[in-house]
Structure formats: C-alpha cells, structure tokens
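Residue numbers (the UniProt record's numbering): 1 to 326.
Where is the CB? At the ideal position from N, CA and C, for every residue including glycine.
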C-alpha cells in the first residue's frame, strides 16, 4: 500500500498540473492515473525480517553497524577479486559490494568499468572480450600476484564460504543481470537472506523484482548526478545544458524519494554520504527502508556512522583512511 503522507505529494502533482493546464478535470485525471499505475504495477517490499537479515546481519558487536567493502575493498586489495573478498573478510567486513559485468560470450564476471584497461593487464571493452581473454592477470603487489578476473559464480561461492553479505551492483543490461543473478539464487538459496541487488538504474531493480520478487533490492542515488560529477564540477561546459540537466536532477531526486522506491518495492537506498543526516535516516525508516551510506573512507566519518547515525556504510578500506570516492 502507499504510505501515509504520500497524499501530500499527490496533492502537489495535482496542483502543478492544475497550474499548467488550468483544468481541474485534467489535473485530477493525471493524478489519479499516476496513483493507479503505482498501485497496479508496484512490487511490495520483501518481508521485514528477511530484509533485516540481509541489512542487519547477526553476530555484530552490540554497538557495531554493518561494514561493506566497496568493490570488495579496492584500496586494500585489487578490486573485485577473490583476493579482495578474502582480505575484506580478514579485516572484519560484514559484506562486500561486487560489480557485475558481462563478456562477449555472455559470462557474468566482476568488473566495474566498461573496459578492462584500468584493472587488468589487458585492454578493450568488457563486452567485446571472451571469458578466456578477459581473465588475464590483475595488477597488484607481490601479495596479490596472479589474481584473475573472477566469474560471478566464483565470487559468490567465496562470499558464501566467508559468510559475507553480498551487495550485487548492476550498472546496466537488466535482462542479462536478472538472468545471471536468478541462476545464482537458484543454485544458492542462502543468497535470499544474505544478499541484495542494487543499482542507480530503477529499471534494473524493477526487472530483478519481476524475475524474482523474493530478492532484496536497493536503489543507489546521488543527487545532482546528471548535471555534476561527484566532486561537484559540471558535466557540461554549456550553461544551458547544465540548467536543463539540473531540472532533470530535481525530477529524478523527487522520483527516487516519492515514486520509484515504492514502485520497485526496495528495502534500502544507497545514498552518497554528503546527503545523509539523522532526519534523512528517519524519513526512510518511516517507510520501512534502510539507508546505507557510501563511500565512507575516514575514521572520523566511520565513527559518526557507528555512534550517531547507527547505519550501515560502504568503504574502500577497512584498514586506513583513503581518498574519497564518488
């Protein structure tokens, strides 16, 4: 069901359309259509106890909060590798965030970028390389020499062995991702209570819920992401382009907070750390949604999450302070 308080937002939609069209009938029709669309096509959230098992795993210290290693802890070991997963477990992580990519022959692998240039000794777009070509060595210190690009299957099995919660981060290709992850959930039912699928793209989450409504999901969001890079610099040199991108940013932010989360039935929202406060955490708590902060890379920020916000966070390093990640 829609949450108490959502009538305020539907009233706002009604008034906005009324102002633009000067037609009470038209404004009523548009507002009612949006309401009916959400009611008919939304997915309910998974049961709260299941979401809690994933987002608040047992075994934590009484004052502790879940700590998730970003890209399996890309500052402490080569990112998105088996070595990074093991290192994250050794350093006390409760979970790992893993990026999903697909090779030319359709194999699901761990890869953040569209190309392999930054993270391997190879070159080229992930989607143009076959699996046997892609799994070349990953650059790293002597301790990590010989690491390869792991398949999704290998990474999942390693995480299960270490009892780590998995945050599957899907950038695109929702159909392929839903199929590949669906296979993992079929092979390893323990994932229903120990993993979550997250994405910046709502269509990815919606497709995943269509494929399997029992999977815990989350939307990832950073306000102003369309018009500005993570460090605040404009994406375009054109003032007009940035203006219109800014307008789209406002609409997207509104949609995440009042429409898309409800339509997809997510259990969490992964929010960039600069936009999280106690009020923000409370806003989502009233809707049965957990907030997870990213990327928390200093001891001061980590202490704030532990003692004040008391929510999960994603970090590049479990050992030391490192540069902020956007």
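(Q) On a Cα-Cα basis, can you pick out the residue from 305, 245, 260 that is closest to residue 221? (A) 260
Q: Assuming residue 65 and residue 311 form a contact by the criterion Cβ under 8 angstroms, report the distance between their Cβ atoms to the nearest whole angstrom.
A: 6 angstroms
Q: Could you say which of 128, 84, 123, 224 lies nearest to residue 102 if we only look at CA atoms?
A: 128
Q) Of all the options 105, 291, 290, 321, which has the alpha carbon lying nearest to the alpha carbon of residue 303? A) 321
Q. CA-CA distance, residue 183 and residue 48?
A. 24 angstroms
Q) So residue 246 is in the alpha helix (DSSP H); what residue range does that whole segment cover? A) 239 to 255
Q) Helix, strand or coil: which one does DSSP assign to residue 208? A) helix
Q: Determine the burial state of residue 94: buried for a count of at least 16 other Cβ atoms within 10 Å of its Cβ, exposed for fewer.
A: buried
Q. In whole angstroms, what is the alpha-carbon distance linking residue 313 and residue 323?
A. 16 angstroms
Q) By a C-beta neighbour count over all protein chains shown, 10 Å radius and 16 as the cutoff for buried, is residue 130 buried or exposed? A) exposed
Q | Collapsed DSSP secondary structure at residue 133 in the structure displayed | A | helix
Q: Measuring alpha carbon to alpha carbon, tell me which of 263, 246, 309, 149 ends up nearest residue 44.
A: 263
(Q) Going by beta-carbon coordinates alone, are residue 315 and residue 73 separated by less than 9 angstroms? (A) yes
Q. Among the residues of its own chain, which have a CB less than 7 angstroms from the CB of residue 317, if the five just before and after it don't count?
A. 73, 75, 76, 297
Q: Return the chain-ordered list of same chain residues with a C-beta closer than 7 angstroms to the C-beta of residue 61, the five sequence neighbours on each side being excluded.
A: Unreliable positioning characterises residue 61 in this predicted model, as indicated by a pLDDT of 48, which lies under 50. A coordinate reading is not provided.
Q: Over the uninterrupted beta strand (DSSP E) stretch that includes residue 101, give me the two end residues.
A: 95 to 102
**Q.** C-alpha distance - residue 138 paired with residue 286, whole-angstrom precision
**A.** 44 angstroms
Q) Which residues in the same chain have their Cβ closer than 8 angstroms to the Cβ of residue 84, if we skip the five residues on either side of it in sequence? A) 69, 71, 72, 73, 74, 76, 77, 78, 96
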